[in-house]
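Going by the numbering used here, the sequence shown opens with residue 49, and the numbers climb by one from there. All residues carry an ideal CB built from backbone N, CA and C; glycine is no exception.
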Amino acid sequence: MSVLVSPSVQKRKQIENDKVINDEIPYIGHVDNFTVTTDGRDYIQLIKVSGISFLSADDIEVNSWHRSLNNTLRSMAAAYPNVSFWTHIDRHVENAYPAGVSGNYFADQLDSVYGARMKKTKMRVNDLYLSIVYRPQNNVVMKKIFDLIMRNDEKGLAAEREKSITVINKISDEILVSLNKYDPERLGVYTHNGVNFSSTLEFYNYLVSGERCRIPLSRTPAKFIMSTSRPFFGSETIEMRAASETTLCAMIGIKEYPSDTTPGVFNELLGADYDFVLTQSFAFISKDTARRALKLARDRMSNADDDAKELIDEIKDALNDLASNRFIMGQHHFSLMVKGKNQEDLLDNVAKSRPVLGDIGMVTVREDLALEASFWAQLPANFKYRPRVAAITSKNFAGFSPFHNYPSGRKEGNHWGKALTLMATAAGTPLYFSNHASDPLDKDGSTKKDVGHTLILGPNGSGKTVFVGFCIAMYQKFGATSIMFTKDNDSEILIRALGGKYYPIEMKKPTNWNPFHLPVNETNSAFLKDLCRHLGAKGRTLSDRDEKDIDYAVDRVLALPKSNRRIGRVLDYLDITKQESVYTALSRWCYASPTRPGQRDGENAWVFDNKHDELMENFGSVPTTGFDITRFLDIPELRTPICMYLFHLTEQLIDGRRLIIHLAEFWKLLDDEYFEHFAKDKLKTIRKQNGMVILDSQSPSDALNHPISPTLIEQTATKIIFPIPGARRSEFTDPDKGLGLSEREYELISEELREGSRMFLVKQGHGSVVAKLDLKGMDNELAVISARTSNVRIVNELIEKYGNKPELWLPEFYKLKRAE
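In structure tokens, the structure reads:
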């Protein structure tokens with residue numbers, strides 16, 4: 049740090065325990081939806097900040113954030129010198145589970161078991177706040193003169209109030225834009241059950257009462273209805289008696305600042321295993337005042353020994369930086385209110401906190417004489433109570449209060465409402481996960497068609513299949529329809545347990561598909577012509593004559609009664625005499641017919657040339673439909689036409705319903721020019737129609753290097769990456785041809801996260817976090833979500849015996865698993 053000048057602390061008399069606390073709370077009430085005024089005619093607005101993920105950020109990126117915050121403070125000081133800031137970090141236990149009832153037997157069972165587990169897991173979240181305090185009269189003497197002149201001038205006071213409201217709203221608007229990447233949300237008046245409440249006053253009430261409760265708007269000054277529980281002050285301990293529990297608190301202050309600061313000096317506290325509230329304030333001082341303070345410090349150091357020479361040089365540099373407007377200065381105060389359930393717990397937590405501060409070169413003290421002043425100074429605009437005020441630079445403050453955090457997602461207000469589920473991060477904080485990445489410009493995350501498209505990468509055995517299956521089951525509580533393209537029968541048990549339809553596409557076994565039984569309309573007619581062109585081309589380019597012949601033949605077949613329509617009938621209207629003809633190519637997909645003497649059954653007739661279509665009759669009528677793509681995935685001749693048909697049916701479901709399309713080994717599944725439109729256009733259509741696509745691959749290199757991948761990947765707002773030892777740096781860090789991960793994110797997935805740890809990187813928007821889906825001990829549910837071949841055989845036998853209903857065969861399956 050360039051300089052720290054600590055003025056002597058102005059000690060106040062200790063307040064007796066029976067002192068009415070209303071006198072210490074400065075708030076009168078709201079003057080508009082966002083602005084609260086004080087009894088000293090200061091004006092306050094409160095912004096809640098989600099924060100920015102620092103754990104996986106590069107040093108270059110962190111330093112860039114730091115410079116940006118410093119520039120924001122500089123511009124604020126230049127335009128609004130009467131502004132001060134209070135920042136708070138409220139770390140507290142948070143494990144409320146986003147439960148939901150779907151009516152689906154297995155999904156509800158999974159949600160109940162997992163939810164009970166997570167409710168027992170003690171996790172803590174960091175809520176970040178920024179209070180903007182605008183003082184129309186910043187100088188104490190000038191304020192007294194103004195008050196004397198205006199005490200009987202109602203019009204003058206009203207004019208000051210209107211001007212102040214305009215100014216603070218303008219300041220707040222500018223701050224919201226500057227902090228866009230931190231996901232800010234301005235708090236204020238809201239309505240619940242027809243009554244108006246204040247989320248701003250509720251947070252300030254929480255600071256002094258420890259209780260989270262609604263504070264209604266009232267004609268009574270807010271200070272008289274706040275502090276819903278009363279703090280009691282001892283010699284160095286505060287007791288906060290809430291209705292349901294009592295909390296003990298200690299106030300930690302700074303006795304001596306560190307000689308240097310870096311961005312995020314308090315980041316270690318963000319993972320602490322105890323509750324606390326960290327409060328800081330920063331009030332701008334003029335350049336002349338700052339210059340005098342620096343020169344005074346320099347002169348004092350000049351009379352010291354040689355050890356002070358380095359600090360004197362730093363002060364000289366600081367004077368140059370101040371003159372060059374590289375920073376501004378302000379009066380800073382700090383307190384860390386550590387909480388505990390009892391005296392032993394409190395002492396233990398205080399003991400844990402002080403070394404964290406000591407390791408950054410900070411000398412701290414547990415407040416005793418300044419205990420009450422430190423407590424009340426947590427409230428924004430309580431300038432008179434701020435203890436141990438010191439002059440620091442805007443660079444220092446940007447490092448002390450950088451709005452770093454572990455992403456926690458949104459419990460509510462996601463595109464489909466509640467979060468999908470709750471997971472724990474590597475730091476022990478909760479992550480309310482939703483595939484839909486909320487727009488940080490949208491304060492509640494719900495008014496835009498947020499992108500839910502998701503990319504999941506991880507080698508075999510990494511936990512990818514479990515993650516996908518778990519999410520598909522959880523989405524049942526949103527009433528979503530899921531279409532899954534899976535491999536190796538890994539999702540068969542899950543799909544059947546969800547009451548879905550599962551289609552194991554087996555070579556040479558009739559699929560019972562007949563595309564010509566689609567309803568006759570323009571869309572289906574165009575698709576059938578595309579399909580027949582593809583099958584009739586057999587890799588060559590068709591002539592205009594060939595295409596016209598196919599179109600004519602398809603139209604003739606569609607004119608037949610439905611019972612007579614099938615792909616084999618197309619041959620009846622094509623020329624059999626041409627060499628390398630469309631007829632010859634298409635006949636590979638058709639059974640022999642008495643109307644075509646000498647024809648043999650086509651090699652691929654089992655795919656489409658069936659009498660009825662059992663698929664389209666039920667498609668989308670059940671919550672989950674799955675297709676096993678294993679046997680044809682590596683056979684392009686089969687893969688492309690099969691996917692053409694299945695994708696065409698899936699497109700019929702893009703009608704505004706909540707739709708999830710899961711594509712395993714997506715890069716291979718879409719490996720044909722025909723699907724370029726899917727990559728370029730269809731994902732946008734799906735998004736706009738309330739659907740999302742989940743792309744996954746266990747071969748990251750193949751997936752990332754495929755020509756179709758960049759177009760698909762750039763449309764995925766959520767990326768889930770499991771540990772990939774030996775991952776190529778360029779594939780993951782290149783912003784154009786790769787995933788665009790930071791170096792730190794790359795190190796996490798390639799080196800630091802262990803295989804088999806079930807941990808993974810979640811990257812959404814501006815941030816990323818390491819999380820874990822912990823299903824340890826949930827053996828029954830795991831056996832369903834990720835199927836083994838032996839279990840698939842058992843389930844099929846049970847279904848044959850007990851029927852398709854999961855509530856009949858699943859309990860029997862669990863019994864067999866427990867007996868193993």
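query	result
Cross-strand partners of Tyr177 (DSSP beta bridge)	Lys96 and His136
N-terminal and C-terminal residue of the beta strand (DSSP E) that Ser838 is part of	Note, Ser838: premise wrong, no beta strand (DSSP E); alpha helix (DSSP H) at Thr837 to Tyr850.
His240 - partner residues in DSSP beta bridges	Val243
Helix, strand or coil at Glu287 according to DSSP, with G and I counted as helix	strand
Reduced DSSP category for Met676 - H, G, I as helix; E, B as strand; rest coil	Checking the sequence, you will find Asp at residue 676 rather than Met. Three-state DSSP puts Asp676 in a strand.
Residues of its chain near Asp492, where Cβ-Cβ distance is below 7 Å and the 5 sequence neighbours each way are ignored	Reliability fails at Asp492, whose pLDDT of 48 lies under 50, so the model's placement of it is uncertain and no value is given.
Residues near Asn217 in its chain [Cβ-Cβ closer than 8 Å; skip 5 each side]	Asp80, Phe82, Thr83 and Gln93
Straight-line gap, Pro232 to Asn174 (C-alpha atoms, nearest Å)	14 Å
Backbone CA spacing between Tyr480 and Val810 [nearest angstrom]	12 Å
Residue from Val741, Phe251 and Ala485 with nearest C-alpha to Cys261	Phe251
Where Ser635 falls: helix, strand or coil (DSSP)	helix
Continuous beta strand (DSSP E) stretch holding Asp744: start and end	Gly739 to Ser745
6 Å Cβ shell around Leu489 - same chain, five flanking residues per side excluded	Because Leu489 carries a pLDDT of 43, less than 50, the predicted location of this residue cannot be relied on, and the following value inherits that uncertainty. Excluding positions up to five away in sequence, the list is empty.
Contact between the segment 206 to 220 and the segment 178 to 187 (3+ Cβ pairs under 8 Å)	yes
Beta-carbon proximity list for His696, same chain, < 7 Å, skipping 5 on both sides	Phe575
Identity of the residues DSSP links to Tyr91 by a beta bridge	Thr85 and Tyr182
Inter-residue Cα distance where the pair is Ala270 and Leu249	8 Å
Between the CA atoms of Asn119 and Tyr162 - distance to the nearest angstrom	46 Å
Gln157 versus Asp676, Ser611, Ile768 and Ile833, residue with shortest Cα-Cα distance	Ile833
Residue closest to Gly301, alpha-carbon to alpha-carbon, out of Arg436, Asn390 and His78	Arg436
Beta-bridge pairing of Asn453 - partner residues as DSSP gives them	Ser101
Simplified DSSP state of Arg414, which is helix, strand or coil	strand
Inside the segment 428 to 474 only - beta strand (DSSP E) runs reaching at least 3 residues	438 to 441 and 469 to 473
Alpha-carbon to alpha-carbon, Ser247 and Val237	6 Å
Nearest neighbour of Gly465, chosen from Asp578, Tyr523 and Leu731 [CA to CA]	Tyr523
Identity of the residue in Asp538, Leu619 and Lys767 nearest Ala831 by Cα	Asp538
Phe133 to Ala429 span [Cα, whole Å]	9 Å
Neighbour-count burial assignment, Ala125, 16 or more Cβ in a 10 Å radius	buried
Delimiting residues of the beta strand (DSSP E) encompassing Pro758	Note, Pro758: premise wrong, no beta strand (DSSP E); alpha helix (DSSP H) at Ser757 to Ile761.
Buried or exposed (CB count within 10 angstroms, at least 16 for buried), Arg458	buried
Cβ-Cβ distance between Glu142 and Pro478 below 8 Å	yes
Cβ neighbour criterion (16 or more within 10 Å) applied to Asn65	At Asn65, the pLDDT of 41 sits below 50, so the modelled position is not reliable; the number obtained from the coordinates is stated separately. When all chains shown are included, Asn65 counts as exposed.
Other residues of its chain near Lys96: CB distance less than 6 Å, five sequence neighbours each side excluded	Tyr177, Glu233 and Leu235
7 Å CB neighbourhood of Val243 in its chain, flanking five on each side removed	Pro264
Coil, strand or helix - Gly527 by DSSP	coil
Cutoff 8 Å: Glu651 Cβ touching any chain B Cβ	No chain B is part of this structure, which consists of one protein chain only.
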